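Residue numbers (the working numbering), protein chains in the order written: chain A, 1 to 250; chain B, 1 to 207; chain C, 1 to 203. Beta carbons are placed, not taken as given, at the ideal position from N, Cα and C, and that holds for glycine. None of these values were measured; they are calculated from a predicted model. Some notes on the structure that comes next.
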Amino acid sequence: MISGIDATVYDAQSLPSNDNVNAYAFSIDLDGEWFTSKGAMIAYYGAIELSGLSAYASHAAWVAARFSSPLYAQEWVVASGRGKLVIGDRGNDINSYDLDNGNLTIKQTNLLAFETALELKQSIIPGFVTLIGTGKFLASSNGPVIFVEPPFRADPDALLGWADCPSPSIHYDYHWMSQSLSAGVHAMFGRESGEERQYDFTGAGTVLLQSSEVTRHDPALARIVEQHTHLLTAAAAGVLGHKLIARSQE
Amino acid sequence: MAFESVNSKVVRAQISQQGAVLARRGAMLGYDGNVSFRPLAHAPGAGMITGESNKMMASEGSGSVLYGYRGLYVTVIVLTGDSLSVEADRILAHDASLQTSVEMIAQGGVRSAVRGAMTGQGLFTTRISGHGSVAVLSHGGTFPLQLSGQTVGVDPQAYVGHSGALQVDLKSSVGMRHLVGRGSGEAFQLHVSGHGTVYVQASEEKF
Amino acid sequence: MAVLIADKRVLHADLDGDSVRAANGSMVAYTGKVEFKYASGGGGFRAAMKRGVAGESISLMTCTGAGRVYLAQDAMDVTVVQLSNDRMTVESEHILAITDGLQLDVQFSGLRGMTTGKGVATTTVTGTGQCAIMSDGPLIALAVTPGQPLVVDPDVYVAGTGQTQMSIISGVSWRSVIGEDTGEHFSLRFEGQGTIYIQPAER
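Shown next, in the form of structure tokens:
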């Protein structure tokens, strides 16, 4: 007889319906389809199937219309069927967001799942995607999400997303800027500590921050950067290529 | 101005012309107002002695700044004329008006201090004193142990800091000495005694 | 009688002149007079052999004396389970402490080890006493009943009780992999009667 365990025992009926199990796990009451990122599912009850996006799109034309991001198509699956689907993300906090004919832009690596009524598009800001329409989506964050209102400047690595306000511009810190001007530094790879450069939000809206500046690997980042290199002339592309080779050998 | 705990991993500090804040570089998550960040040079020689490599910066201007670091937990400790000893690498932020100095906490003499330094168990701490707030980093949060005359043993890896009139000795656990190598992992302990508070984290992870 | 009390990520082991066994190096602080001594994982020679084969050992130390020992590891959440002449299987690396009266037997990881390729050992805890389990994030308990099977990611499985049968199902994209058709899409399916404990963080 096992007793005295201080944990609620859930079953398919008592698991929360479209709500958090705890701060780090969320239970989707699946009856139809959701888009979920690969690896987001940690457990399920019921008859649930996970299919790759392209496999599913072959018999469901709406997939291509809703999931408008070829860059990230490989990282996502369609969960279909009926049951309770528990989502987790390496112990990160999980929040659900309800959009009512709205839009929210969020860091792609932190988006875990969204209802198929929502439409996903890539943001102009690399590594971010925008969800548009009416429906629910799930996103993770390292530590709880902090909601702030513009005007606000965010460490790009701590930024989780934003809603309603215009896309950010980039603000360079006064000390860093004056130092780089006096030193004649015009172009630099990488970053120093994060204090030299922030995303500057203005206007009315909400900015979402996570409690950490630790970034996660975005599998599509190299492809995003590569897409922009077609703007370069052949000569400029060659110069960049040499710089990148030199950096990879550092 | 006391730091405000936004959640278990983030604090908000008000910056004003009278009150700048010193923080670990890279710890700024975001801010509003007109705030600028200035890297601070190392106190000469301090890094060489302690082997600790904390890089600090000053947040100056007026506004409010959010600080957090690598998703570690943050404990805010308010000093009212007393002092706190904490490892330099664990300092997330503190009011610029507080005084800091490097000190050696283990009173077990030079030999044990050297041994501690050799085993990487960081006996050098930063002593912070005055009136103001300190935000301290830990893995998984800290729990305070209040001492009123008794002694507690603390794993040096889990020791975060202490305040009050406490004596800290580094001891090699007697029963363990012959087992070092295949030991229980508790071969060295800090023995803390006196009156005050010891802060301990729920992990042996140093940073 | 030694008593284990979980306080979020720290376990209080209150000793009354007796002892508990705890994960090696998990003491973060203690009060009173307590000695720490290395001990083997239990289960005797047979278990030791199995540990050798599985490439995994469960290293426990004995904490003996009178006082309170604060036990913690990697800031993991702690859950105390009370067993009364019963049996529970726990992934070995998740055992933080056990009181006297419980026996440990380290076993082959079996199916889970094969699916994850990690060769993780499973420990069977039997008898009467308290067992403290640690998990990355709060433990989630999920019931398995006849007609209501449960499927879990092998990387979040922590412990199980009751009479359940485990099988592997494939064809599920658990992990972030390049391409849509890479193998290794395994998950664990439990049927029967019992409770499965998972953590919200994949290992």
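For residue i, three-class secondary structure by DSSP
i: V152/C; result: strand
i: G88/A; result: strand
i: Y69/B; result: coil
i: E4/B; result: strand
i: Q107/B; result: Residue confidence for Q107/B is low, a pLDDT of 49 falling below 50, so the modelled location carries little weight; the figure read from the coordinates is stated next. Looking at Q107/B - three-state DSSP - the assignment turns out to be coil, as it is neither helix nor strand.
i: A23/A; result: coil
i: E91/C; result: strand
i: L15/C; result: strand
i: V25/B; result: For clarity, residue 25/B is Arg in the given sequence; the question names Val instead. Of the three classes helix, strand and coil, the one that applies to R25/B here is coil, per DSSP.
i: R82/A; result: strand
i: P70/A; result: helix
i: L179/B; result: Residue placement at L179/B cannot be trusted, given a pLDDT of 40 that sits under 50; what the coordinates show is reported in the next sentence. Three-state result, L179/B: helix.
i: V239/A; result: helix
i: R247/A; result: helix
i: R203/C; result: coil
i: Q18/B; result: coil
i: Q189/B; result: strand
i: V214/A; result: coil
i: E75/A; result: helix
i: D89/B; result: helix
i: S169/A; result: strand
i: K227/A; result: With the sequence shown as reference, residue 227/A is identified as Gln, and Lys is not the correct amino acid for it. Looking at Q227/A - three-state DSSP - the assignment turns out to be helix.
i: Q150/B; result: strand
i: A97/C; result: strand
i: Q108/A; result: helix
i: M188/A; result: Summary for M188/A: the model assigns pLDDT 45, below 50, so the residue's position carries little reliability, and this model does not support an answer.
i: H139/B; result: coil
i: S170/C; result: strand
i: L221/A; result: helix
i: S291/A; result: The requested residue 291/A does not occur in the structure, where chain A is confined to residues 1 to 250.
i: Q36/B; result: Here residue 36/B turns out to be Ser, not Gln, going by the sequence shown. In the structure shown, S36/B sits in a strand (DSSP, three-state: E or B).
i: L84/B; result: strand
i: S54/A; result: helix
i: A2/C; result: coil
i: A132/C; result: strand
i: A61/A; result: coil
For residue j and residue i, believed in contact at Cβ under 8 Å, the rounded distance
i: V78/A; j: L53/A; result: 6 Å
i: M76/C; j: S135/C; result: 6 Å
i: L147/B; j: V102/B; result: Actually they do not touch by this definition, with Cβ atoms about 24 Å apart.
i: V148/A; j: A143/C; result: Not a contact, Cβ separation roughly 41 Å.
i: H175/A; j: S36/B; result: 6 Å
i: G160/C; j: Q199/C; result: Incorrect: roughly 13 Å between the Cβ atoms, too far for contact.
i: C165/A; j: G135/A; result: In fact, because the Cβ distance is near 21 Å, the residues do not count as touching under 8 Å.
Residue i versus the options, residue with shortest Cα-Cα distance
i: L22/B; options: I128/B, V6/B, D82/B and S8/B; result: I128/B
i: A154/A; options: P166/A, F201/A, A40/A and G88/A; result: F201/A
i: L15/A; options: Y44/A, S37/A and A40/A; result: Y44/A
i: D98/A; options: T116/A, Y24/A, A204/A and D89/A; result: T116/A
i: M166/C; options: T128/C, G67/C, N24/C and E191/C; result: E191/C
i: D105/C; options: V34/C, S59/C, L11/C and V80/C; result: S59/C
i: T125/B; options: L98/B, H139/B, G141/B and V160/B; result: V160/B
i: V11/B; options: Q18/B, M28/B and L170/B; result: M28/B
i: A65/A; options: G88/A, I106/A, Q108/A and L131/A; result: L131/A
i: G46/A; options: E202/C, T145/C and G160/C; result: T145/C
i: D147/C; options: D155/C, A23/C, T128/C and Q193/C; result: With the sequence shown as reference, residue 147/C is identified as Gly, and Asp is not the correct amino acid for it. When only C-alpha atoms are compared, the closest one is Q193/C.
i: R82/A; options: G127/A, S37/A, L112/A and E33/A; result: E33/A
i: Q213/C; options: E35/C, G101/C and K8/C; result: Here chain C has residues from 1 to 203 only, and residue 213/C is not among them.
i: V80/C; options: A201/C, Y197/C and E202/C; result: Y197/C
i: T128/C; options: Y157/C, I98/C and F186/C; result: I98/C
i: T164/C; options: A2/C, D155/C, V156/C and V151/C; result: V151/C
i: A30/B; options: S178/A, R223/A, E250/A and Q198/A; result: At residue 30/B the sequence reads Gly, which differs from the Ala that was named. Taking only the C-alpha atoms, the option nearest G30/B is Q198/A.
i: S203/B; options: G194/B, L170/B, Q157/B and F3/B; result: Q157/B
i: N18/A; options: L30/A, F152/A, A12/A and A7/A; result: L30/A
i: F137/A; options: D157/A, L112/A and G161/A; result: L112/A
i: P39/B; options: K9/B, M57/B, G130/B and S16/B; result: M57/B
i: S19/C; options: A6/C, L11/C and G67/C; result: G67/C
* How do the segment 199-214 of chain A and the segment 58-72 of chain B stand: do at least 3 beta-carbon pairs fall below 8 Å, yes or no? -> With the cut-off at 8 Å, the segment 199-214 of chain A and the segment 58-72 of chain B touch.
* To do: Mind the definition here: the segment 16-33 of chain C touches the segment 143-156 of chain B only if three or more C-beta pairs lie below 8 Å; say whether that holds.
  => Cβ pair count under 8 Å is three or more, so yes.
* Do the segment 126-146 of chain B and the segment 90-98 of chain B meet, that is, are 3 or more Cβ pairs less than 8 Å apart? -> Judged by pairs of C-beta atoms under 8 Å, the segment 126-146 of chain B touches the segment 90-98 of chain B, as three or more such pairs exist.
* Asked: Does the segment 140-151 of chain A come within contact of the segment 92-101 of chain A, defined as at least 3 CB pairs closer than 8 Å?
  -> Of all C-beta pairs linking the segment 140-151 of chain A to the segment 92-101 of chain A, three or more are shorter than 8 Å, placing the two stretches in contact.
* Between the segment 118-125 of chain A and the segment 63-77 of chain A, are three or more C-beta pairs nearer than 8 Å? -> At 8 Å Cβ cutoff, the stretches touch.
* Counting Cβ pairs closer than 8 Å, one from the segment 161-172 of chain A and one from the segment 234-249 of chain A, do we hit at least three? -> The segment 161-172 of chain A makes no contact with the segment 234-249 of chain A: fewer than 3 CB pairs, one atom from each, lie closer than 8 Å.
* For the segment 134-165 of chain A, which segments carrying the beta strand (DSSP E) assignment without a break, of at least 3 residues, lie completely within its bounds, in sequence order? -> Listed in chain order, the complete beta strand (DSSP E) runs (minimum 3 residues) inside the segment 134-165 of chain A are 146-148, 152-154 and 159-163.
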